[in-house]
Amino acid sequence: MTKFILFISFLFYSFNSYGYEKIHVAVASNFIEPLNLIKKEFLKNNKTSFKISTGSTAKLFAQILNKAPIDIFLSADQLTIEKIPDNKKIKVSKFTYAIGSLVIFSKTRVDNEDKFENILLQRFSNKIVIANPKFSPYGRASKQVLESLGILSLFENNIILASNINQVSSFIYSGNVDLGVISNSDTLKLKKYELGYFKEIPQNLYTQIKQDAVLLKNAKKNQKAKLFFNFLKSNVAKKIIQSFGYRITN
75 MTKFILFISF LFYSFNSYGY EKIHVAVASN FIEPLNLIKK EFLKNNKTSF KISTGSTAKL
135 FAQILNKAPI DIFLSADQLT IEKIPDNKKI KVSKFTYAIG SLVIFSKTRV DNEDKFENIL
195 LQRFSNKIVI ANPKFSPYGR ASKQVLESLG ILSLFENNII LASNINQVSS FIYSGNVDLG
255 VISNSDTLKL KKYELGYFKE IPQNLYTQIK QDAVLLKNAK KNQKAKLFFN FLKSNVAKKI
315 IQSFGYRITN
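Using my numbering, the letters of the sequence shown map in sequence onto residues 75 to 324.
Here's what the structure looks like:
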């Protein structure tokens, strides 16, 4: 009888501790702060837990290919989502959750009345830091800006590569780099602490940075993951995304 009671107690404890489904989200580093706020709102009405993996889009993509048990992937582009094999994703679930943009960030004053290309040309002898184009969609867009202006060769020997877009501002404040290309969402935090100067990069100089989300096959039987994935499309989530300087699709 005592053993039976202990067994029932164990089952009760296990159900209460592990009876709800955990949601594993892989998110591009530029979107970690909005995701944390969206998660907080979701948890107000849903009992579950999250595991968040963050990093460059390319590194998260490699984890998915290596069979990491990820339910939801929030990429910093569209191309990477397309490259995920069909047997690893629920293809029809894909949607664009945010549209990012680029900004020049400098420790020294930037003349907002000056043309964007003049700001770069005046400083081409200095070092510039961008996210690594091999790993980061924002890095590819940053390189595309220099190519569009026909000045990539001027900077070629002075480009410092950060592993992801979030690290660009850290490079500027920890080293002797004066200029960097960051995401518009990063400017909100930097402006709050009155750090540096900013100049928006014209969007005709780079391909629109559409960030796509997809539900992976690992979430096929995870109802909470599906619920959270749909919550990312809600008005609550959209308001949070827009508050970080992203645009959203209609």
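Cβ coordinates follow ideal geometry from the N, Cα and C atoms, glycine included.
- Taking 8 Å as the upper bound for CB-CB distance, alanine 172 and glutamine 137 are not in contact here, some 21 Å apart.
- Proximity to isoleucine 275 across Pro159, Glu230 and Ala215 peaks at Ala215, based on C-alpha coordinates.
- When Asn324, Ser317, Gly319 and Leu301 are compared, the shortest CA-CA separation from asparagine 119 is found for Leu301.
- In the three-state reduction of the DSSP assignment, arginine 183 falls in the coil class.
- According to the DSSP assignment, serine 123 belongs to the beta strand (DSSP E) that extends over 123-129.
- Contact between the segment 139-153 and the segment 224-237 is absent, with fewer than three C-beta pairs closer than 8 Å.
- Scanning Ser308, Phe169, Arg183 and Leu228 for the CA closest to the CA of leucine 289 turns up Phe169.
- Taking the C-beta atoms as reference points, leucine 148 is found nearer than 8 Å to leucine 109.
- With at least 16 other beta carbons inside 10 angstroms of its own, aspartate 151 counts as buried.
- Taking 3 residues as the shortest admissible run, the segment 157-222 contains the following complete beta strand (DSSP E) segments, listed from N- to C-terminal end: 169-174, 176-180 and 202-205.
- A Cβ-Cβ contact shorter than 8 Å links alanine 299 with isoleucine 97.
- Proline 211 counts as buried, since at least 16 other C-beta atoms from the protein chains shown sit within 10 angstroms of its C-beta.
- Between isoleucine 246 and valine 219 the beta-carbon gap is near 17 Å, outside 8 Å, which marks them as no contact.
- Taking a 10 Å sphere around the C-beta of threonine 154, we find 16 or more other C-beta atoms and assign the residue as buried.
- Excluding five sequence positions before and after tyrosine 320, the CB atoms of its chain that fall closer than 7 Å to its own CB belong to Ala172, Ile173, Gly174 and Ser259, given in chain order.
- For lysine 284, the closest of Asn324, Leu228 and Asn304 by C-alpha to C-alpha distance is Asn324.
- Between isoleucine 256 and valine 177 a beta carbon distance of about 6 Å is seen, short of the 8 Å cut, so the two are scored as contacting.
- The beta carbon of lysine 294 is closer than 8 Å to those of Ile164 in its chain, skipping five residues each way along the sequence.
- DSSP places alanine 287 in the strand class (E or B) of the three-state scheme.
- The DSSP assignment places 226-229, 242-248 and 258-266 as complete runs of the alpha helix (DSSP H) inside the segment 222-289, in order along the chain (cut-off: 4 residues).
- Burial state of threonine 281 is exposed, judged by a 10 Å Cβ sphere holding fewer than 16 other Cβ atoms.
- Between the alpha carbons of asparagine 161 and alanine 311 lies a gap of roughly 28 Å.
- Only buried fits asparagine 238, as 16 or more other CB atoms lie within 10 angstroms of its CB.
- Looking at the DSSP output, leucine 148 bridges to Val101 and Ala287.
- Nearest in C-alpha terms to serine 317, of all of Leu111, Ile193 and Val166, is Leu111.
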